[in-house]
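So the sequence shown is numbered by the numbering used here: it starts at 39 and just counts up by one.
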Amino acid sequence: VAIKNHSNGALNPKAHFPMTIKDVMNMRIAKAKEKGSPVPSWANELEFLNDPRYNPIIAWPNTLFDCCPITDGAACILLVAEEIAKNFTDTPIYIIGTGQASGHNLHDRDTLTSIPAAQLAAQQAYEMADVGPQDIKIAEVHDCFTIAEVMAIADLGFFKEGKEAATAAGEGKTARDGRRPINVSGGLKCKGHPVGATGAAQVVEIFQQMRGEAGQRQVTSMDVNLALNHNIGAHGTTAVVQIFERR
């Protein structure tokens with residue numbers, strides 16, 4: 039997940055950390071040479087991410103590169119009634135489904151690997167939009183930690199909980215050119231987490247993708263006519279899901 043989202047974020051001029059994991063590796067090598075220190079070497083990005091000298095444990099099992107940065111930032115959304123939307127643009131994006139739910143805190147849940155509030159919010163949004171997970175083309179999800187993306191894509195019904203969701207990124211299924219692109223903005227992990235503006239920034243990314251205005255990170259392998267945004271608060275005690283359509 040970290041490798042994928044850093045690859046996406048490197049193409050996002052608004053990202054807080056626009057570097058691929060390979061960029062970080064090369065920077066570490068250059069610094070070592072500059073200082074005359076032993077030059078580290080890694081076979082690939084995964085080997086680097088498993089090196090505790092450069093990717094230390096923050097709170098087991100989460101390492102530094104599993105955690106998103108808290109950042110400064112802002113986002114703006116112009117929300118208008120459907121009947122006047124075309125007074126502002128020829129290609130408006132429509133909200134066709136929305137859901138909001140609350141749930142118990144972590145210590146009162148039956149599981150730590152799913153967020154019931156997100157599942158309920160998604161169910162509400164799908165029912166309002168009269169679509170299912172299989173219809174969504176791309177999604178921006180709240181990946182405050184890499185495991186949060188894995189949980190989100192299962193809670194939203196894109197992949198089965200467990201191995202299928204856990205291996206989706208590694209198998210390329212959630213890549214920008216994959217079956218279900220997730221967090222093409224770089225996600226919170228790489229784009230950043232400007233608390234208070236995070237959800238709005240996700241919607242801005244979806245708006246740009248659906249209008250073909252996302253530049254180098256534009257999804258071109260499919261017609262992005264349906265998209266989903268997933269955001270959570272606290273430990274997943276609140277969740278909001280929206281579904282967007284381009285007509």
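In this text, a Cβ means the ideal position worked out from N, Cα and C, and glycines have one as well.
query	result
E120 versus F183 - alpha carbon distance	35 Å
Counted within 10 angstroms of its Cβ, other Cβ atoms place K73 as buried (16 or more) or exposed	exposed
Outcome for E209 when other beta-carbon atoms lying within 10 angstroms are tallied against a minimum of 16	exposed
Residue from A53, F103, A123, V257 with nearest C-alpha to R217	V257
For N267: DSSP bridge partner residues	E178, Q280
G225 - DSSP class collapsed to helix/strand/coil	helix
Backbone CA spacing between T129 and R284 [nearest angstrom]	8 Å
Straight-line Cα distance separating I185 from D146	20 Å
Rounded straight-line distance, which links the Cα of E83 to that of A156	31 Å
Three CB pairs or more closer than 8 Å across the stretch 46-55 and the stretch 250-267	yes
Separation of A265 from A177, as counted between CA atoms	6 Å
Unbroken alpha helix (DSSP H) run spanning Q240, endpoints	236-248
Beta-ladder partner(s) of T129, from DSSP	Per DSSP, none; premise fails for T129.
G135 versus A163: straight-line alpha-carbon distance, rounded	4 Å
For A97, the first and last residue of its enclosing beta strand (DSSP E)	95-97
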